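Here's the structure, in structure tokens; my notes come after.
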Amino acid sequence: MRTALCLFVVILGTTGGEVAVTHAMKQIGELHHFSPRSVLSFLARALREKWFWAGIGLLAIGFFSLLDLLSWADVSFAIPATALSFVAGGLGARLLLGEHLTPLRWAGIALVSLGVALVALG
Amino acid sequence: MVSQHSLRLKTIVLLAPIVLFASVGNVLLGKGMKEIGEVQSWSPSALGDWLARAFTNQWVWLGIASLLVFLLSFMVVLSWADYSFVAPVAAVSYGLAPLLSHWWLGEVVTPLRWIGVSIICIGVAMVSRTPARTTE
Numbered sequence: 109m110r111t112a113l114c115l116f117v118v119i120l121g122t123t124g125g126e127v128a129v130t131h132a133m134k135q136i137g138e139l140h141h142f143s144p145r146s147v148l149s150f151l152a153r154a155l156r157e158k159w160f161w162a163g164i165g166l167l168a169i170g171f172f173s174l175l176d177l178l179s180w181a182d183v184s185f186a187i188p189a190t191a192l193s194f195v196a197g198g199l200g201a202r203l204l205l206g207e208h209l210t211p212l213r214w215a216g217i218a219l220v221s222l223g224v225a226l227v228a229l230g
Numbered sequence: 002m003v004s005q006h007s008l009r010l011k012t013i014v015l016l017a018p019i020v021l022f023a024s025v026g027n028v029l030l031g032k033g034m035k036e037i038g039e040v041q042s043w044s045p046s047a048l049g050d051w052l053a054r055a056f057t058n059q060w061v062w063l064g065i066a067s068l069l070v071f072l073l074s075f076m077v078v079l080s081w082a083d084y085s086f087v088a089p090v091a092a093v094s095y096g097l098a099p100l101l102s103h104w105w106l107g108e109v110v111t112p113l114r115w116i117g118v119s120i121i122c123i124g125v126a127m128v129s130r131t132p133a134r135t136t137e
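Quick mapping for you: the protein sequence lines, in order, are chains A and B. Numbering of the first sequence is given in the working numbering, commencing with residue 109 and proceeding in unit increments. Numbering of the second sequence is given in the working numbering, commencing with residue 2 and proceeding in unit increments.
Next up, the structure:
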């Protein structure tokens with residue numbers, strides 16, 4: 109029960125955080141040049157985005173829950189089990205970010221989730 | 002306008018550091034947290050003590066540094082690519098994590114887990130065949 113609850117918080121924090129960070133990055137726009145100056149300027153713009161900080165907050169919740177989980181569960185169980193977030197991530201991308209998920213992409217996500225379930229059972 | 006082909010190529014190239022630093026970072030954190038042990042009590046003083054031990058562990062800091070490099074690469078890729086493309090393709094790291102754990106931490110990885118890792122890889126290959134960006 110403790111593991112399931114901790115895993116739920118890890119998945120919710122990680123997925124919600126990544127969706128929020130993605131939204132912030134789309135607001136900033138594509139990075140075209142990879143010179144140190146361009147990357148620093150990109151980073152500075154990211155730090156001024158409120159969605160970026162909302163994402164970091166959620167990622168921090170997921171991260172500290174993961175730290176706790178890793179202190180008693182095997183890495184080879186805990187890390188693959190968090191991949192359940194792909195299903196939540198697919199839904200978040202479709203509903204919140206307006207991405208178009210083709211049947212092939214959904215099938216790939218489903219296989220990733222099936223693989224994760226097998227890893228967790230193993 | 003960048004073609005879908007070059008966009009996908011650029012995305013896949015930047016996914017390499019994402020996969021590498023996510024895997025290495027998680028294994029380093031796992032090693033550090035195993036040294037520290039689990040939280041024994043949720044009282045503020047016990048929790049503070051546990052956090053102090055976590056943040057004075059070299060493996061935890063190396064893990065955090067790896068995960069920061071991962072986060073920067075992740076942010077850059079997401080400035081042009083779909084989250085629903087990047088996240089599943091980056092799941093290759095879920096195959097690397099058991100491999101690194103097996104070699105480095107001596108954890109037992111069963112045949113069923115290896116089958117699971119193989120299926121994850123097939124799923125990743127399918128997602129990687131879809132367009133990297135579907136929004137404007």
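We treat Cβ as the ideally placed atom computed from N, Cα and C, and that holds for glycine. All values derive from a computational prediction rather than experimental measurement.
Note on residue 7 of chain B: under 16 other CB atoms within 10 angstroms of its CB, so exposed under the neighbour-count rule. Taking a contact as a CB-CB distance under 8 angstroms, the pair residue 71 of chain B and residue 126 of chain B does not count as one, their CB atoms being some 22 angstroms apart. An exposed status is given to residue 140 of chain A, since fewer than 16 other beta-carbon atoms sit within 10 Å of its beta-carbon.
Contact between residue 108 of chain B and residue 183 of chain A holds: their C-beta atoms lie close to 7 angstroms from each other, under 8 angstroms.
Annotation for residue 135 of chain B: no alpha helix (DSSP H) segment contains it, and DSSP assigns it neither H nor E. Assigned with DSSP and collapsed to three states, residue 58 of chain B falls in coil, not helix or strand. Of all residues in the stretch 5-34 of chain B, only 27, 28, 30, 31 and 34 come within less than 7 angstroms of chain A when Cβ atoms are compared, listed by chain position. Not one beta carbon of chain A lies nearer than 8 angstroms to the beta carbon of residue 45 of chain B.
By the Cβ rule, the stretch 24-31 of chain B counts as touching the stretch 88-106 of chain B, because three or more pairs are nearer than 8 angstroms. Scanning chain A for C-beta atoms nearer than 7 angstroms to the C-beta of residue 113 of chain B yields 226, 229 and 230, reported in chain order.
The contact set of residue 79 of chain B on chain A, defined by CB atoms closer than 7 angstroms, consists of 129, 130 and 133 in chain order.
In the DSSP annotation of this structure, the continuous segment of the alpha helix (DSSP H) that includes residue 159 of chain A starts and ends at 158-178. Counting along the chain, residue 142 of chain A sits inside no alpha helix (DSSP H), nor does DSSP assign it H or E at all. Interface criterion not met: the Cβ of residue 42 of chain B is under 8 angstroms from no Cβ in chain A. For residue 131 of chain B, the neighbours in chain A by C-beta distance under 7 angstroms run, in chain order, 210, 212 and 213.
If only uninterrupted alpha helix (DSSP H) runs of at least 4 residues are considered, those enclosed by the stretch 2-55 of chain B are 5-37 and 45-55.
With a threshold of 16 other beta carbon atoms within 10 Å, residue 229 of chain A falls short and is exposed.
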